[in-house]
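Have a look at the structure below before the remarks.
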Amino acid sequence: MGELSSEFGGMQKAVFLVLCLLLAITPLSNVSAEDIGSPTSLQAQDINAFFDPISETTTITWRNIDSTGTELQGLFDASYNVYRSTEPIDAVNIHNLTAFASVSACTPASLTPISTNPFDCRGINGTHQGHSVSFLVSPGVNASTYYAITTANETGVETYELDFNASNLFEPVIEITTPVRTPYNLASNFDYSQSQTTLQWVNYNDINPILPETGDDAYQIRIWRTPIQVSRSNGWWVLDDINSELVLTLPAGTSSVVIDIPENTDRDIYYSMTYLLPNWIAPEIDYEDVRFLSNNAMSTITMEDNMPPSQVDSMYASFTATPETGGGTTSIIWADLEGEVGETYQIYMAGVSFSSVLNPDVQLIATLTEGVEAFDYDVPVGRMGYAYYCIVTVDIYGISDTNTTQNSCQGPVFENAFTNWIAEPTNVYAEFIGDKTTRVTWDDQLGVEGERYHIWRSNYLVTGSQFNGVIGSTIDNYSVTWLGTVTDGIGVFDVTIEDDIIPENSHYFVTSEALYGHINGTYHYTELIQNYWGPISEDTRSPNPPRIKEAYAVGSINQITLEWFNEIEIDESYTIWRHMGEPFGEDRDELSNSTDDGWELVMDNIEAGASSQTSFVRQIPIADSISRDVWYAITIADQYNNENNEIFSGIGGNAYQVTEDTMPPEAILNIITDEGDEFTSPSLIEGSYTILLQLNEYLKSQPYINITTITGGDITVGESPMSMMVENFNNPDLGPVYSFDFEITAQTNAGPMLITVTMTDTSENEAIIEWTDRAVDAQRPEVTIYSPSSSNDGSKYLYGNKINILAGAEDDVRIVSFQYKLVYHYGGVSGNALATPWSNADGITDLNGDNTSLTMDLDLTSGSFSPGQHAVSVRAIDSAGNEVTETVQFIVDYCRNTLNGTTFCSYEEQLAPPLEPLVIEPGFTDPPYVVVWVIAGMTIIAWIVALMVISTGMSGPKKKKGGEEDEDEDWMDEFIGTSSELDMAAITDTSGGAEKEEKKSESQALVEEEEDPFSVNKTERKTRSKNDDDEDDDDEDDDDDDIDIDDFFDDDEIVEEESKPKRSVGRRSAQPRKAPKRKVGRKSKD
């Protein structure tokens, strides 16, 4: 025990010491935590956020600043904007975010107690309780979220200090929500007639098939009925409320259900749906999504009401008579039922008391909507008796209780509308409508059914006391004459008037005979108080026929103008008719009628009214391109529709024949020369001419002609009148002929002519006809040959070339002929000249489209021509007959290349003229003289050497051996030009004369061959003689026409080689052995 007391005492001491320590550190005043940031920015402090996984809501809390400065006054005008983001929030990216909440920084009502002291708004030492905002996170989220708070002043300008742990979270909040696991788009409809509510929805698996539909884990559809709307915020507890009801549990896949509603049900409820997912979280742990995020909870009430509403608690009815109209009004008032929405009120009436509106005597007189608590019922005129009124309530679905209650009925109500009532029809009116008919109309008497109405006529106004008419009698000796009887509901009666009369002061009366509830049998009321009309005028006499004043056609505007006199009638109308044939017979003396065959309606209902004008005019449109004679007639009908349909022609008649002509006149133009012949050429030259204009119809006036040229020339001075030449009255197929004389002078501007004739026919059809097929021709055509090239230009066409004939021709008016002609061997140089006839070329192009500028393009082959000179001629003839021809000469040649590189052309060689001698006067320094000087020097040296040898030999000759001596003599003989063997035959001339002549000719030939280098060279053309045809053709290669300077030094070239004669004994000529010869030839053009 002692130990226990000691221990207990020690514990007391320890507790006491701890309490003393705590008391020592407890502050004696409020602690002021340190704010972050500048106080003037009013930055939120101590931000915090936490996520509730049950409600899937993140709650953000913070406080105001706790400073003591004057900036606290701004808290009353400031507000906080709360932002969220999956990324850290800073002053830059916050501008891309949208605040999801805005909270006032401080209001007097948020202070405890209410205060306007800004120091009470402080976050720690004030009375403000701090701020809190919740954000409902979307389903299916698994993210880290940052939250931040900005402060906005009274103008909405925000500050973005965003200090961590003050107004900006440093660590994010982990938010994890569950995806939606509920059906979509629940809809309900209550059918009051069947007392059933139909629910329809879209299952989750129809969109995302992931929920099990079979087996123990198959989802179950649960339908709930709640008294309030279910949402995410209250779903978790509303379904557990005692007033909530689980209506049905349906298998997976069901998408609609019909729920029977018990009788006498009247309720406003909400339907919602969930899925129960067995074993979803874990075995034996089910899951049910009660967040209602997929429109699976109705947002509008479903009114299930199959219970008839109760009747009104009170109503009142009273009658007020209206003697002046014979009627009255019963006023009914009541009070709306409480607890009903959209109901209507039906008011029933009967002559006896009733407890059910299903009784046959009951009549529904009105149906009024909710909120209308009064109704005035106008009783029928003439009613007299008692009435009972009841009100039945009908709910929004049309359900009502057909049984009435004492409080919902009122009666009997005495309604007397017969006393002082005039039992007559109202608004009686009589009018003569024409067609020999007077129409009587009225409004049926009110308050009676099955009445009959009697129509009467008199020639004066009859009073009720004077009425003595007998129904069914047509005798006129009564004050009124009975005309007929009709039953109720008709309200109209037509009275037929006799022909050709004009009765005056006719009065009409309508009386009523009916059954009344308080009178036995029918009652015929004849007081004639308000049931009459008159007097009226009735006219059945036909008016006089109208008279046509004038009728004519205006073809230019496609219309007929018809004028007639205004007859002495009032409010009459006119009708216009048309006939294409002869309605009055051959002699036009018969009467016609608008009802006869052939008359067609043109225009009707031409109302004259009260017009005082003397005549009327109407324009009638007619078709285009017609020319015909038509009869037009006018008939009249007076204001009572009395018609006069007779038609007759002649003076004072109402018919007139008009020529409908909308075709302009046509004309044929011919030009006649001063000799009287027709001028058919399209081009006019200087001279006198006459234009004849043949028309197809007569004109209103003479035509006018204007003749110009497009180059600006005026042949006539403006428009000039034409003179009629022939009228052709006796020829219906021809119109008149007009003429006009004009002249073409040398001063007339040439060019295409424009002949314009303006004329107007008798129907005002104007025609302006232009002729442009003639022209004034004052110029000859111009012809230019562009190809082939002229031989004067040095060009020629070789075999195988294409020869293009390209030529052009231009004329001021028109070219009528453009031809070409070929002349072979033009000039007869290369053969006999042969010309082709003028021919038309296929390749002619009309450049302007009017034959004023033509081109000819024709290709020929040179193979069609033999070598030589040829010509092509091109001829153009204009429309005036002017002819121009141009000729171009061209050469076609056959050329070939020789083996030595020269070109030989047949026609060129044929025409080459003989070569003229070339006179050369060489100078002393020219090559021939240089050669001569060299040879002369060598000759002198040779003579000197020879003299020296002779001199040496003669000074001391030695005898040598015969052989050696002979050889020396031979050498000497050869040196001095002699032979060791003399030709004695030549010396003695023993060979005969023939041999001597042969040697002489050979010697002469040799002399001729060796020309004197100092002689004048004569050039001559080398030709091959006919005797040389058998020699080798290679000699042609030696025919070089070029002059080559090397020929002067070519000693080996010989023009004609002959066999060398044997050298005879004797002294050689002193001429040089081979003088240079100059070969002269014609240089090739190539």
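Using numbering that gives the first Met the number 0, the letters of the sequence shown correspond one by one to residues 0 to 1085.
C-beta: ideal position from N, C-alpha, C; glycine also.
Within a 10 Å sphere around the beta-carbon of Asn504 sit fewer than 16 other beta-carbons, which makes this residue exposed.
Comparing C-alpha distances from Glu337 to each of Glu497, Ser352, Trp455, Pro308 shows the shortest one belongs to Pro308. Judged by DSSP secondary structure, Gln219 falls within the beta strand (DSSP E) whose first and last residues are 219 to 225.
Boundaries around Trp235 are those of the alpha helix (DSSP H), 234 to 237, since no beta strand (DSSP E) includes it. Distance from Ser131 to Thr248 at the Cβ level is roughly 39 Å; contact not present, criterion being Cβ atoms closer than 8 Å. Residue state for Tyr286 is assigned as strand, using DSSP reduced to three classes. Burial of Lys795 is indicated by the presence of at least 16 other C-beta atoms within 10 angstroms of its C-beta.
Taking Glu55 as reference, the option from Val883, Arg231, Gly651 with the minimal CA-CA separation is Arg231. Judged by beta-carbon spacing, Leu161 lies beyond the 8 Å limit of Ala98, meaning their Cβ atoms are not closer than that value. Membership of Tyr906 in any beta strand (DSSP E) is not indicated; the residue belongs instead to the alpha helix (DSSP H) covering 905 to 910. Asn278 sits in a strand when the DSSP states are folded into three classes.
Ser738 and Glu642 have their C-alpha atoms roughly 55 Å apart.
Under the rule that a run must span 4 or more residues, no alpha helix (DSSP H) segment is found entirely inside the segment 295 to 367. When the five nearest sequence neighbours on each side are left out, the beta carbons in the same chain lying within less than 6 Å of the beta carbon of Leu805 are those of Tyr785, Ser786, Asp856, in order along the chain. Taken in chain order, the complete beta strand (DSSP E) segments of 3 or more residues contained in the segment 811 to 848 are 814 to 823, 843 to 845. Rounded to whole angstroms, the gap between the alpha carbons of Glu599 and Tyr631 is 10 Å. Proximity of the segment 310 to 328 to the segment 353 to 363 falls short of the contact definition, fewer than three beta-carbon pairs being nearer than 8 Å.
Setting aside the 5 residues that flank it on each side, Asn730 has no residue in the same chain whose C-beta is closer than 7 Å to its C-beta. Among the bridge pairs identified by DSSP, His453 is matched with Thr484, Thr510. Here DSSP, grouped into helix, strand and coil, assigns Gly554 to helix. In terms of Cβ geometry, Thr495 and Thr436 form a close pair [threshold 8 Å]. Here the C-alpha atom of Phe431 lies approximately 7 Å from the C-alpha atom of Ser536. For the pair Glu497 and Ile559, the CB atoms are not nearer than the 8 Å cut-off. The closest CA to that of Arg587, considering only Glu549, Pro534, Ile646, is found on Ile646.
With 16 or more neighbouring CB atoms inside 10 Å of its own CB, His824 falls in the buried class. Listed in chain order, the beta strand (DSSP E) runs fully inside the segment 116 to 197 are 130 to 135, 141 to 151, 172 to 175, 183 to 190, counting runs of at least 3 residues.
Gln818 is the residue among Val828, Gln818, Ala832, Gly122 whose C-alpha sits nearest the C-alpha of Asp841.
Of all alpha-carbon atoms in Thr951, Asp628, Gly433, Pro542, the one lying nearest the alpha-carbon of Glu566 is that of Pro542. Rounded to the nearest whole angstrom, the CA to CA distance from Thr197 to Gly214 is 28 Å. Non-local beta-carbon contacts of Asn644 in its own chain, meaning distances under 8 Å to residues more than five positions away in sequence, involve Asn592, Ser593, Thr594, Thr634 in chain order.
In this structure, Pro681 lies away from Tyr703, with their beta-carbon atoms at least 8 Å apart. Taking a contact as a CB-CB distance under 8 Å, the pair Ser762 and Val553 counts as one, their CB atoms being some 7 Å apart. Straight across, the Cα-Cα distance linking Phe889 with Ser789 is about 5 Å.
Looking only at Leu668, Glu174, Phe678, the smallest Cα-Cα distance to Leu694 is reached by Leu668. Tyr146 sits close to Val81, with the two beta carbons spaced by under 8 Å. Residue burial annotation: Ala609 is exposed, with fewer than 16 other C-beta atoms found within 10 angstroms of its C-beta.
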